[in-house]
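Enquirer: Here it is, the structure, as structure tokens.
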Amino acid sequence: MSEVVEIDAQGRIYLPASIRASLRYTKFRVIVDGEKLVLIPFKPSIDKYYGIAGRPRYTRPEEIDEAVRRETEEALREEVR
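Residues 1115 to 1195, numbered by the working numbering, are exactly what the sequence shown covers, in order.
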């Protein structure tokens, strides 16, 4: 994919919708390589480590509430002993 774009007076580069639609990211690291500008997607750490711990045990708010209730009851029982 290739497009001709311009830099405005404020230094902004407008990317056409056809290019933006194909990109997953909205933040980029810019590298100047001679007369070229290279845009490298900036991936937050969360993207890099997402899923490393496996699937979440609870996904719905009700499941989380129930787990909190159970764990609280268990902690209180342990405290009473």
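Virtual Cβ for every residue (Gly too), placed ideally from N, Cα, C.
Tell me the DSSP bridge mates of Ile1154?
Expert: Arg1143
Enquirer: Please report the straight-line C-alpha distance between Gly1165 and Pro1158, rounded to a whole angstrom.
Expert: 14 angstroms
Enquirer: How many angstroms separate the CA atom of Glu1117 from the CA atom of Lys1150?
Expert: 14 angstroms
Enquirer: Does the separation of the CB atoms of Tyr1128 and Phe1156 fall below 9 angstroms?
Expert: no
Enquirer: Can you give the beta carbon distance from Arg1143 to Ile1160, rounded, assuming they're within the 8 angstroms contact cut?
Expert: Going by Cβ atoms, the distance from Arg1143 to Ile1160 rounds to 17 angstroms, so no, they are not a contact pair.
Enquirer: Could you tell me whether the Cβ atoms of Arg1195 and Ala1181 are closer together than 9 angstroms?
Expert: no
Enquirer: Looking only at its own chain, which residues have a Cβ that is under 7 angstroms from the Cβ of Ile1121, when we skip the five neighbours before and after it?
Expert: Ile1127
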